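**Student:**
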Amino acid sequence: MDTTQRTEQQRSADRRRRELLEAADRVVLRDGPQASMNAIAAEAGITKPILYRHFGDKSGLYAALATRHTDALLASLRAALDAPAERRERVEATLDTYLAAIELRPQVYRFLMHPADGNPGEQGFDVGKHSAPLLRRMGEELAQVIEERLDLGPGTQQLARVWGHGIVGMMHAAGDWWLGERPCTRAELVRSLADLLWGRLAAAGDKVGGPGF
């Protein structure tokens, strides 16, 4: 098989994988953690063995969907951080971007973060095993942004990681509670979380030569 044929086969496989993920997304939007491999296969117009051939098992499909949605969320968070606005406005916009994402697609959020609530007829997920890496990835990404932009003095790299993971943990815990109980508006939650963060963030100077924060 020549290089052209292999490239075309890879493109076809990638295209088919995207189509299957889009079908899975539609089922997850409808069913949340109860989304089953049978329902996803039916939505895609294929048999379950073909779905297994592409993703291995439900955990493999979950990982692919998690990557897809985390990539999109991280891109949105970076756009909020890069917006031409005052630092406080960008902090609030970043918090709001995360909360808006989970509010807009709560079933997807529950599928990714509460998979143990899923179909009891299928093998469930270990929530920590599957959701913790998503939060850790977000924490590392935010840590990198903080390190690039703020001068935190000695130990900047370590402190940036502490802040990155701490902020993500705060957003996740507060957002999870808020999505379940709706005790206040999203705007009120954003302001309250920004108030909690603001003291140290307001005092930190921009890193010399960095993009600014």
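Residue numbers (this note's numbering): -4 to 208. We put the beta carbon where it would ideally sit given N, CA and C, even for glycine. Keep in mind the model is a prediction, meaning the values are calculated, not measured.
Just to confirm, is the Cβ distance from Ala213 to Ala88 under 8 Å?
**Tutor:** The structure shown does not extend to residue 213, since the chain is modelled only from -4 to 208, so the question has no answer here.
**Student:** Going straight from the alpha carbon of Trp173 to that of Arg83, what length do you get?
**Tutor:** As a first step, residue 173 must be located in the sequence shown, where it is residue number 178. As a first step, residue 83 must be located in the sequence shown, where it is residue number 88. Cα to Cα, Trp173 sits roughly 22 Å from Arg83.
**Student:** Is the region 33 to 48 close to the region 92 to 110, with three or more CB pairs under 8 Å?
**Tutor:** Cβ pair count under 8 Å is below three, so no.
**Student:** Would you report the Cα separation of Val140 and Val103, rounded to the nearest angstrom?
**Tutor:** On the sequence shown, position 145 is the one that residue 140 refers to. On the sequence shown, position 108 is the one that residue 103 refers to. Rounded to whole angstroms, Val140 to Val103 spans 26 Å at the Cα level.
**Student:** Can you look up Val122 in the DSSP assignment and give me helix, strand or coil?
**Tutor:** Reading the sequence shown from its first residue, position 127 is the one you call residue 122. Only weak support exists for where Val122 lies, its pLDDT of 46 falling under 50; the coordinates are left without a value.
**Student:** Taking one C-beta from the region 185 to 204 and one from the region 147 to 165 each time, how about it: are there three or more such pairs within less than 8 Å?
**Tutor:** The answer is yes - the region 147 to 165 touches the region 185 to 204, with three or more Cβ pairs under 8 Å.
**Student:** Determine the extent of the alpha helix (DSSP H) in which Glu183 is found, giving its start and end residues.
**Tutor:** Within the sequence shown, residue 183 is the residue found at index 188, counting from 1. Its alpha helix (DSSP H) spans residues 181 to 198.
**Student:** Output the distance between the C-alpha atoms of His64 and Val157, rounded to the nearest integer angstrom.
**Tutor:** One-based indexing of the sequence shown puts residue 64 at position 69. One-based indexing of the sequence shown puts residue 157 at position 162. Cα to Cα, His64 sits roughly 24 Å from Val157.
**Student:** Assuming the contact rule is C-beta atoms closer than 8 Å, Gly205 and Arg144 should be a hit. Round their C-beta distance to whole Å, please.
**Tutor:** As a position in the sequence shown, residue 205 is number 210, starting the count at 1. As a position in the sequence shown, residue 144 is number 149, starting the count at 1. That pair is a contact at about 5 Å.
**Student:** Closest to Met166 by C-alpha separation, out of Ala59, Arg13, Thr92, would be which residue?
**Tutor:** Taking the sequence shown and counting its residues from 1, one reaches residue 166 at position 171. The shortest C-alpha separation from Met166 is found at Thr92.
**Student:** Quick check: the Cα distance between Leu94 and Ala182, rounded to an integer number of angstroms?
**Tutor:** Mapped onto the sequence shown, residue 94 falls at position 99. Mapped onto the sequence shown, residue 182 falls at position 187. Distance between the alpha carbons of Leu94 and Ala182 is about 10 Å.
**Student:** Pick from Ala34, Leu72, Leu60, Glu176: whose alpha carbon is nearest that of Arg13?
**Tutor:** In the sequence shown, the residue the question calls residue 13 occupies position 18. The shortest Cα separation from Arg13 among Ala34, Leu72, Leu60, Glu176 belongs to Leu60.
**Student:** Roughly how many whole angstroms lie between the Cα atoms of Asp9 and Arg48?
**Tutor:** Sequence index remark: in the sequence shown, residue 9 carries index 14 (1-based). Sequence index remark: in the sequence shown, residue 48 carries index 53 (1-based). Taking the straight line joining both Cα atoms gives about 13 Å.
**Student:** Three-state secondary structure (DSSP) at Asp66?
**Tutor:** One-based indexing of the sequence shown puts residue 66 at position 71. It is helical.
**Student:** When DSSP builds the beta bridges, which residues end up paired with Leu145?
**Tutor:** For this step, residue 145 is matched to residue 150 along the sequence shown. Its beta-bridge partners are Asp201.
**Student:** Go through its chain and collect everything with a Cβ distance to Arg85's Cβ below 7 Å, but skip five positions before and after it.
**Tutor:** Here the question's residue 85 lines up with position 90 in the sequence shown. Excluding residues within five positions, the ones whose Cβ falls inside 7 Å are Ala75, Leu76, Ala78.
**Student:** Is Gly116 helix, strand or coil by DSSP?
**Tutor:** Within the sequence shown, numbered from 1, the residue matching residue 116 stands at position 121. Residue placement at Gly116 is poorly supported in this model, since its pLDDT is 48, which falls under 50; the coordinates still yield a value, given next. It is coil, neither helix nor strand.
**Student:** Comparing alpha-carbon positions, which option in Gln152, Leu137, Arg1 lies nearest Ala70?
**Tutor:** Translated into the one-based positions of the sequence shown, residue 70 becomes position 75. When only C-alpha atoms are compared, the closest one is Leu137.
**Student:** Phe120 to Val23, Cα distance in whole Å?
**Tutor:** Position 125 of the sequence shown holds residue 120. Position 28 of the sequence shown holds residue 23. In this prediction, Phe120 has a pLDDT of 44, which is less than 50 and means its spatial position is unreliable; what the coordinates show is noted afterwards. The alpha-carbon atoms of Phe120 and Val23 are separated by roughly 15 Å.
**Student:** Taking Cβ to Cβ, would you say Leu154 is nearer than 8 Å to Leu90?
**Tutor:** On the sequence shown, position 159 is the one that residue 154 refers to. On the sequence shown, position 95 is the one that residue 90 refers to. No.
**Student:** From this set, Pro101, Gly27, Glu142, which residue's C-alpha is nearest Val203's C-alpha?
**Tutor:** Position 208 of the sequence shown, counted from the start, is the residue given in the question as residue 203. Taking only the C-alpha atoms, the option nearest Val203 is Glu142.
**Student:** Do Arg21 and Glu38 come within 8 Å of each other at the CB atom, strictly closer than that value?
**Tutor:** Along the sequence shown, read from residue 1 onward, the residue named residue 38 stands at position 43. Along the sequence shown, read from residue 1 onward, the residue named residue 21 stands at position 26. Against a cut-off of 8 Å, the Cβ pair of Arg21 and Glu38 comes out as a contact.
**Student:** When burial is assigned at 16 or more other CB atoms within 10 Å of the CB, is Ala127 buried or exposed?
**Tutor:** Residue numbering aside, residue 127 sits at position 132 when the sequence shown is read from its first letter. Ala127 should be labelled exposed.
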